[in-house]
Amino acid sequence: MNNTNEWLVIVNPNAGHGRGKKDWPVIASLLDKYDIQYKVCFTLTRRHAIVLTQEGILDGYRKIIAIGGDGTLNEIVNGIFMLNSCSPTDITLSMIMVGTGNDWGKLFGIPTHYELAVQVIKDCRTRSQDVGKVSFYDGIQKESRYFINIAGLGFDAVVVNRTNLTQDKGYKGKAIYFINLLRSLLVYRHTHTSVEIDGKRIQHDVLSISIGIGKYSGGGMMQTPHALPNDGLFDITIIRKMSKWEVVMSLKKLYDGTLLTHPKIEGYKGKEILIDSDPLIHLETDGESLGHSPIQFKLLPNSLNVVCGAICAF
163 MNNTNEWLVI
173 VNPNAGHGRG
183 KKDWPVIASL
193 LDKYDIQYKV
203 CFTLTRRHAI
213 VLTQEGILDG
223 YRKIIAIGGD
233 GTLNEIVNGI
243 FMLNSCSPTD
253 ITLSMIMVGT
263 GNDWGKLFGI
273 PTHYELAVQV
283 IKDCRTRSQD
293 VGKVSFYDGI
303 QKESRYFINI
313 AGLGFDAVVV
323 NRTNLTQDKG
333 YKGKAIYFIN
343 LLRSLLVYRH
353 THTSVEIDGK
363 RIQHDVLSIS
373 IGIGKYSGGG
383 MMQTPHALPN
393 DGLFDITIIR
403 KMSKWEVVMS
413 LKKLYDGTLL
423 THPKIEGYKG
433 KEILIDSDPL
443 IHLETDGESL
453 GHSPIQFKLL
463 PNSLNVVCGA
473 ICAF
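This note's numbering puts the sequence shown at residues 163 to 476.
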């Protein structure tokens, strides 16, 4: 079946605390207004977007619109790259943001206003971006995932996991991540970690590590402030052991882009990364809690075409 001129729309009805479902009729009317041809599917469970993406590609769709947040986008990316029936560069991916963080969309200049976002899809300006592949362990089982924005290890992964659990209980609001950051700080312990970047080994007692393709995460934080999504390199930020008071006093730097000026924070760039630790260090990618060390990252340069706004943040 040839559906290459039609968009596959994947809606997460639970995104944005139910905005995906509530606002879909408005979004659908705008897609119709701008004569965008599409087929719509709704996710039913976590990771369902992976299956819907693969089914759509096998049915001939090569253009996909994600209606949700960064987690929905991550699942669609995994659906694209886990399937071997066509090259990921044959796929064009776009987004209408109804999530809470929307960090990827901010980087690519996607408007939060629905009609403006639909106009971006109609104009269909595309750029290629890098995608990351990470291999990790879940117990004794080795697994792998793809990500489009940022991965976090250590303290960051603990905060994301706590935030996901909080949201699963029905708590809402953009401040949830920040609140869980402060709560996690009270109990988290540092990890002795070995990080190998393109063959160069770095060993530290580490609070947190960020592996960035994009620079925004956690609803506007810049943990990898100099990351460019199409430069063929990961940006790596290593936050070494510091006191709780030092962490609190440095939070402003997470938002103003000056994080790497802190004397206990180091920035690197690289294509392949190996991370091991004692005790185990845990992992999240694009806000999804995964497994633990040992962990390996590989970059897939310019491997995905995405629709972007007229003004990107890079």
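All C-beta atoms in this analysis are idealised placements derived from N, C-alpha and C, irrespective of residue type, glycine included.
Can you tell which of the options has its C-alpha closest to the C-alpha of residue i?
| i | options | result |
| --- | --- | --- |
| Ile227 | Thr254, Asn323, Thr205 | Thr254 |
| Ser247 | Gly261, Ala190, Arg224, Asp232 | Arg224 |
| Phe243 | Ile310, Cys470, Leu390 | Ile310 |
| Pro456 | Lys184, Gly316, Asn264, Gly471 | Gly316 |
| Pro441 | Phe270, Arg351, Ser412, Met259 | Arg351 |
| Leu395 | Lys295, Gly271, Asp194, Thr205 | Lys295 |
| Ile400 | Ser372, Trp169, Ile258 | Ser372 |
| Asp197 | Asn167, Glu408, Gly222, Pro175 | Asn167 |
| Ser297 | Asp438, Arg363, Lys195 | Asp438 |
| Ile219 | Tyr299, Ser191, Ile443, Thr251 | Thr251 |
| Ser465 | Asp393, Leu344, Val280, Lys431 | Asp393 |
Near residue i, which residues of its chain fall below 6 Å by C-beta distance, leaving aside the five closest residues on each side in sequence?
| i | result |
| --- | --- |
| Leu422 | Gly429 |
| Cys203 | Ile172, Leu214 |
| Asn467 | Thr254, Thr288, Ser290 |
| Trp186 | Val173 |
| Ser256 | Ile227, Ile283, Val469 |
| Ala475 | Leu269 |
Quick check on the burial criterion: 16 or more other C-beta atoms within 10 angstroms. Buried or exposed for residue i?
| i | result |
| --- | --- |
| Thr386 | buried |
| Asp232 | buried |
| Thr274 | exposed |
| Arg307 | buried |
| Glu450 | buried |
| Gln291 | buried |
| Leu206 | exposed |
| Ser370 | buried |
| Ser249 | exposed |
| Ala211 | buried |
| Arg181 | buried |
Rounded to whole angstroms, how far is the Cβ of residue i from the Cβ of residue j, which I believe are closer than 8 Å?
| i | j | result |
| --- | --- | --- |
| Gly271 | Ala177 | 20 Å between Cβ atoms; not a contact. |
| Glu237 | Ala319 | Not confirmed; about 18 Å, so no contact. |
| Asp397 | Gly361 | Actually they are not in contact, since the Cβ atoms of Asp397 and Gly361 sit about 18 Å apart, beyond 8 Å. |
| Tyr448 | Ile359 | Sequence check: residue 448 is Asp here, not Tyr. Rounded, the Cβ-Cβ distance is 21 Å, inconsistent with contact. |
| Leu462 | Val293 | 5 Å |
Tell me which same chain residues have a C-beta within less than 7 Å of the C-beta of residue i, skipping the five on either side of it?
| i | result |
| --- | --- |
| Gly380 | Gly263, Tyr339 |
| Ile189 | Ile229, Ile258, Tyr276 |
| Tyr378 | Asp265, Lys268, Leu269, Met384 |
| Arg209 | Glu237 |
| Ser346 | Phe317, Val320, Val321, Arg324 |
Once the 5 residues before and after residue i are set aside, which same chain residues still bring their CB inside 8 Å of it?
| i | result |
| --- | --- |
| Arg402 | His366, Asp367, Val368, Leu369, Lys426, Ile427, Glu428 |
| Leu348 | Lys406 |
| Tyr200 | Glu168, Trp169, Leu170, Val171, Leu193, Ile227 |
| Asn342 | Val321, Arg324, Thr325, Thr328 |
Pick out the complete alpha helix (DSSP H) segments inside the segment 355-429, 4 residues or longer, and give them in chain order. 406-418
For the segment 187-263, list the beta strand (DSSP E) runs that are entirely contained and at least 3 residues long, ordered along the chain. 200-204, 225-230, 254-259
In chain order, which alpha helix (DSSP H) runs of at least 4 residues are fully inside the segment 266-317? 276-285
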